[in-house]
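J.: Counting with full-length UniProt numbering, you get residues 1 to 245 for the letters of the sequence shown.
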Amino acid sequence: MEYIYESTQRSYEDFASGRVLYNAQGTTSFPVRLASEIAQRCFHILEEKGVQGPYTLYDPCCGGGYLLTVVGLLHGRRIRRLIGSDINAEVLGIAGKNLSLLREEGLEQRTEQLKELFALYQKPSHQDALESADRLRERIRMSRVEQTVCFQADITQSQPEESLAPCKGTQIVMTDLPYGDMVSWSGGSQAPVEDFFNGIHTILDPARSVVAVISDKGQKLKHDRFKRIQHLKVGKRQVAIFEPL
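1) Note down the Cα distance separating H75 from I83, rounded to an integer number of angstroms.
2) Using the Cβ count rule (16 or more neighbours within 10 Å means buried), how would you classify T175?
3) Tell whether a beta-carbon distance below 8 angstroms holds between R225 and L245.
4) Hey, K220 and M1: beta-carbon distance below 8 angstroms or not?
5) Would S29 pass as a contact of S17 if the rule is Cβ separation under 8 angstroms?
6) Verify whether the separation of the beta carbon atoms of V210 and I45 is less than 8 angstroms.
7) With burial defined as no fewer than 16 other Cβ atoms inside 10 Å of the residue's Cβ, what is the status of V183: buried or exposed?
8) For a test of the three-state rule: what should DSSP assign to S125, helix, strand or coil?
9) In or out: P160 buried (at least 16 other Cβ within 10 Å) or exposed?
10) Do you know whose CA, among S158, I214, V193 and G218, lies nearest R202's CA?
11) Name the one or two DSSP bridge partners that V211 has.
12) By Cβ distance below 8 angstroms, which residues in the same chain neighbour R208 in space, the five residues on each side in sequence not counted?
13) What residues in its chain sit with their C-beta under 8 angstroms from that of P206, if we drop five residues either side in the sequence?
14) Could you check where the alpha helix (DSSP H) with G84 kicks off and where it finishes?
15) Go to T56, then tell me how far its alpha helix (DSSP H) extends in each direction, as first and last residue.
16) Rounded to a whole number of angstroms, what is the C-alpha to C-alpha distance between D181 and D216?
This is how it looks when you write it as structure tokens:
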């Protein structure tokens, strides 16, 4: 694929999983450059529709919240709310910790942990993480993020209206669908991709929203209630951007 907004390769080490951002077994990271490119394409599509930010961004397969947190750190000036849900309750604790890094108090708590680790072990990696935390602090001081939310839900199953209430007003759905050895679809759906699209359609205003879906190349990303407007191939991944109908 051709990068439009992240055309210049640069270091994203400050966003590495396990450095300042939290990681845990069963959670995955995501290429930071690609995440930033996709987010900016979504911003542009909404602006072309006349929908101005700051935006609400929802990841219905958020896992440990890595993708949401990275986008929030990189583009906090264009985002008001970040929402994550996942069927797996065990990973939501990590998602909550990662999303807490978008607030000064959350980042300060993480910084104190890193200081304690450095005092105990004197590892260069902990010193590097402290320097990254300082740089991330400058980013969140310019952020417009007002709220972060994460909750348990299976987006492939019909949900009571109140359970998806936090997602009201979502303008951007951006998610990395389950695939591979570390994470896979769970729940009872026989057609999880189709049911995923059905699930998100219920919370979107077609005139004011855009959907970016990342998956492996084996999954068919299409649905009759969504119009695909961009399709990109990146290594083993594909990215499809849709407008709801």
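The beta carbon of each residue, even a glycine, is placed where N, CA and C say it ideally should be.
T.: From the atom records:
1) Within the sequence shown, the letter at position 75 stands for residue 75. Within the sequence shown, the letter at position 83 stands for residue 83. When rounded, the distance between both Cα atoms is 15 angstroms.
2) Here residue 175 is taken as the residue at index 175 of the sequence shown, counted from 1. By the 10 Å Cβ count, T175 comes out buried.
3) Residue 225 sits at position 225 when you count from the first residue of the sequence shown. Residue 245 sits at position 245 when you count from the first residue of the sequence shown. Yes, the pair counts as a contact, with Cβ atoms nearer than the cut-off.
4) Along the sequence shown, one-based indexing puts residue 220 at 220. Along the sequence shown, one-based indexing puts residue 1 at 1. For K220 and M1, no; Cβs fall outside 8 angstroms.
5) As a first step, residue 29 must be located in the sequence shown, where it is residue number 29. As a first step, residue 17 must be located in the sequence shown, where it is residue number 17. Yes, the Cβ-Cβ distance between S29 and S17 is below 8 angstroms.
6) Position 210 of the sequence shown holds residue 210. Position 45 of the sequence shown holds residue 45. Yes, Cβ-Cβ distance for V210 and I45 is below 8 angstroms.
7) Against the sequence shown, residue 183 aligns to sequence position 183. With a pLDDT of only 48 at V183, under 50, the local geometry of the prediction cannot be trusted, and no value is derived from it.
8) The residue labelled residue 125 in the question sits at position 125 within the sequence shown. Note: S125 maps to helix in three-state DSSP.
9) On the sequence shown, position 160 is the one that residue 160 refers to. Exposed, because fewer than 16 other Cβ atoms sit within 10 Å of the Cβ of P160.
10) Taking the first residue of the sequence shown as position 1, residue 202 is located at position 202. In the sequence as presented, Arg is not what sits at residue 202; that position holds Thr. For T202, the nearest C-alpha among the options comes from S158.
11) Here residue 211 refers to the residue found at position 211 when the sequence shown is read from its first residue. BP columns for V211 point to V173 and F242.
12) Here residue 208 is taken as the residue at index 208 of the sequence shown, counted from 1. Excluding residues within five positions, the ones whose Cβ falls inside 8 angstroms are L46, K49, V51 and Q171.
13) As a first step, residue 206 is located in the sequence shown; it is residue number 206 there, counting from the start. Excluding positions up to five away in sequence, the list reads E243, P244 and L245.
14) On the sequence shown, position 84 is the one that residue 84 refers to. Note, G84: premise wrong, no alpha helix (DSSP H); beta strand (DSSP E) at I79 to D86.
15) As a first step, residue 56 must be located in the sequence shown, where it is residue number 56. Element bounds for T56: not the alpha helix (DSSP H) but the beta strand (DSSP E), Y55 to D59.
16) Position 181 of the sequence shown, counted from the first residue, corresponds to residue 181. Position 216 of the sequence shown, counted from the first residue, corresponds to residue 216. Bear in mind that the predicted position of D181 carries a pLDDT of just 49, short of 50, making it unreliable; the figure below should be weighed with that in mind. Their backbone Cα atoms lie some 12 angstroms apart in a straight line.
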